[in-house]
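A.B. asks: Residue numbers (this note's numbering), protein chains in the order written: chain G, 1 to 163; chain F, 164 to 512.
For every residue, glycine included, the Cβ atom is placed at its ideal position computed from N, Cα and C.
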C-alpha cells in the first residue's frame, strides 16, 4: 500500500449517525438468552474510522445496519460494505478492519464473512476472495505496520460519539 | 447402544490433545506412526507420543520453540523419519533433526519472498519442495548433510501457492494454488530442467490441499468452492482413448463430491491402507468418504460414510492426517486450538 498525499475521494457525501440503541430490561435479564442481532453487530463496526477521512464508516455510509445479516443459531454473520467510490484503493483495508473488529469482539463460534456490496467496486471479486482467505488474513495480521494502521482505524470504534 | 461395532460406520473420538495457544494449522504423523507433530500460530512445534503404543494416551514429548519468528503453517516428517521440516510465515523453512540427542534446527532454507505455506519431501528423501505466497514453488536437493541446494524455482502459478506434495513413489511434484488450479512438475531428463507437465483446472476457487492415493494414479483435491474432486491419470496409449498430446500423461477430473461441505474444504487426506478419504472443513466437521464398490473406475462415486457429528471441533478444521500403519486412526486439528484423534469403525452390516 503506497502512502497517498492526496485524498482519493476529496468530498465524500456525509450521512447521519444512528441514534444510540436503547437497552431493554429483557436484555439486562441474565436468565433470558439474548441472541446477537444486526443492530448489535452494526454497533461494533459503525464507529470504525475511515483510513483517509476523520469520519466513521457509518458517516460515510460504508456500513449500514440493513447490510448486516446475523443468524445467531447457525453462528453466521454476513457483513456487506460499500466503498465510497468504485476504485477505492482502501477497500481491502476497510474490509480487513471490519473483519478484525468482529474477530476481536465476537465469540469464536461465529463464522464471519465480510464482502463488498455487489457492483460497488471494480475489484469486488478479488477483494472478497482475499478477505475470505483466513490464511492471508492471519498473515496480514502478523504484519506490524498493517496492524498499527488497523488499530488506528479501530481506535474510534468504541468511543461514544457524544463525548 | 453398543459403541464398538454399530451397524453403520462411525467416527469415534479417541482423544483430545490440548496445549497449543490459538489456531493449530497442521499435524503430521511420523512414518512409523509412533509420533505426531503439530504446529500453529503460537510458533511452537509440538511432538506427541504415547507410553504404551499408538493405542495409549498421547502426551507432549517435546516442544520446539525459537525456530520461527512467525506462524508455523506446516510441519512434515522426512520419509526416513529422521528429519522434520517446518514451513513458516517468516519466509523460511527449518530442518530439524535429533543427531545431538534432542531435536535441533540444523538448516534454515531461505529464498522465498514471503510466507512459506507448505513443505514436502519426495519418497527418496533426496528432494524437497516448498511453496509460498510469492507464487513460486521451489525444488530443493539434499546435497550433503544439512546442505540443501535450490534446484528449481517454478513460476507457473499466477497466485499464492497453498500446498505442495510429492507423488508417493515417483519424482512428480503437485502444487495447489489460490489461482484455482493444480499443477504438476517433473524434471526433464534431457536438460535437467524442472517444468510444468500438467495443469488441472476445474475448481472455481482456491485449491487448499491435494492428496495422492496409494499408487499415485489418482489425486484428490479440495477447495474453497466447497467441493472435493478426484483426478485420474491417463497414460499414453490408455484403453479409454483419452488423448495424451505430446505423449505426456493427462490428469482428468473423474468425480466431484459436491453438496457435502457447507463451507470451504481446507484439507483432504487419502488413506493408503484403506482407501478412505477424510476432509477437513470450515463448517467444523471431519468427514469420511468411501468409493462405492460398484462404481465405474472412470466415473467413480464416493459416498459419505461417517462424520464427526457430536464431539467435533468447535471451529474450522484445518488439517486431517491418517495414521501411516494403524488403519482407521485419524488426527485432525482446528482453529479451536485442539487436536482430535478419531477411530473410523466399519459398520457390521
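1. Check whether the Cβ of residue 296 of chain F lies closer than 8 Å to any Cβ atom in chain G.
2. On the three-state DSSP scale, how would you describe residue 348 of chain F?
3. How would you write the range of the beta strand (DSSP E) that residue 131 of chain G sits in, first residue to last?
4. Looking at chain G, which residues of the stretch 475 to 492 of chain F have a Cβ within less than 8 Å of any of its Cβ atoms?
5. Of all Cβ atoms in chain G, is any one closer than 8 Å to the Cβ of residue 501 of chain F?
6. Where DSSP assigns a beta bridge to residue 188 of chain F, which residues make up the other side?
7. Can you round the beta-carbon distance between residue 368 of chain F and residue 385 of chain F to whole angstroms, since I take them to be within the 8 Å contact cut?
8. Kindly indicate if chain G contains any beta-carbon less than 8 Å away from that of residue 273 of chain F.
9. Is the distance from the Cβ of residue 184 of chain F to the Cβ of residue 139 of chain G below 8 Å?
10. Is the beta carbon of residue 480 of chain F less than 8 Å from the beta carbon of residue 431 of chain F?
11. Using the Cβ count rule (16 or more neighbours within 10 Å means buried), how would you classify residue 171 of chain F?
12. With a threshold of 8 Å between beta-carbons, can residue 170 of chain F be considered close to chain G, or not?
13. Taking only the alpha-carbon atoms, compute the straight-line gap between residue 379 of chain F and residue 13 of chain G and give it to the nearest angstrom.
14. Just tell me which of G:51, G:62, G:121 has its CA closest to the CA of residue 146 of chain G.
15. With 16 other CB atoms within 10 Å as the buried threshold, where does residue 101 of chain G fall?
16. Under 7 Å between beta-carbons, which chain G residues line up against residue 233 of chain F? List them in chain order, please.
17. Can you list, in chain order, the residues of the stretch 98 to 132 of chain G whose Cβ is nearer than 8 Å to any Cβ on chain F?
18. If you drop the 5 nearest sequence neighbours on each side, which residues of the same chain put their C-beta closer than 6 Å to that of residue 218 of chain G?
19. Anything in the stretch 184 to 201 of chain F with a Cβ closer than 8 Å to a Cβ of chain G? List those residues in chain order, please.
20. By DSSP's criteria, residue 371 of chain F is part of a beta bridge. Which residues make up the other side?
21. Just curious, the beta strand (DSSP E) that residue 101 of chain G is in, first and last residue?
22. Would you say residue 495 of chain F lies against chain G (beta-carbon separation less than 8 Å)?
23. Going by DSSP, what residue range makes up the alpha helix (DSSP H) through residue 43 of chain G?
24. Pairing CB atoms from the stretch 92 to 109 of chain G with CB atoms from the stretch 354 to 362 of chain F, are three or more of them under 8 Å?
25. For residue 362 of chain F and chain G, any beta-carbon pair shorter than 8 Å?
26. Going straight from the alpha carbon of residue 154 of chain G to that of residue 423 of chain F, what length do you get?
27. Can the beta-carbon of residue 463 of chain F be found closer than 8 Å to that of residue 495 of chain F?
28. Under 8 Å Cβ to Cβ from residue 98 of chain G, same chain only, skipping five residues before and after it: list those, please.
29. Measuring only between beta-carbons, confirm whether residue 92 of chain G sits less than 8 Å from chain F.
30. Pick out the complete alpha helix (DSSP H) segments inside the stretch 206 to 257 of chain F, 4 residues or longer, and give them in chain order.
31. Return the first residue and the last residue of the alpha helix (DSSP H) that residue 146 of chain G is part of.
32. Output, in chain order, the set of chain G residues within a Cβ distance shorter than 8 Å of residue 276 of chain F.
33. When the Cα of residue 250 of chain F is compared with those of F:231, F:242, F:265, which residue comes out closest?
34. If you draw a straight line from the alpha carbon of residue 341 of chain F to that of residue 69 of chain G, how long is it in whole angstroms?
35. Quick one: what's residue 16 of chain G bridged to in DSSP?
C.D. replies: Based on what the coordinates show:
1. yes
2. strand
3. Not the beta strand (DSSP E): residue 131 of chain G falls in the alpha helix (DSSP H), residues 124 to 132.
4. 477, 478, 479
5. no
6. None, per the DSSP bridge assignment.
7. The Cβ separation is near 11 Å, so there is no contact.
8. no
9. no
10. no
11. exposed
12. no
13. 59 Å
14. G:51
15. buried
16. 142
17. 108, 109, 111, 129, 132
18. Absent from the structure is residue 218 of chain G, since the part of chain G shown begins at 1 and ends at 163.
19. 186
20. The partner list for residue 371 of chain F (beta bridge, DSSP) is empty, contrary to what the question assumes.
21. Element bounds for residue 101 of chain G: not the beta strand (DSSP E) but the alpha helix (DSSP H), 91 to 105.
22. no
23. 38 to 45
24. no
25. no
26. 37 Å
27. no
28. 45, 48, 57, 63, 79, 81, 114
29. no
30. none
31. 144 to 155
32. Going along chain G, no residue has its Cβ under 8 Å from residue 276 of chain F, so there is no contact; the nearest lies around 13 Å.
33. F:231
34. 27 Å
35. Per DSSP, none; premise fails for residue 16 of chain G.
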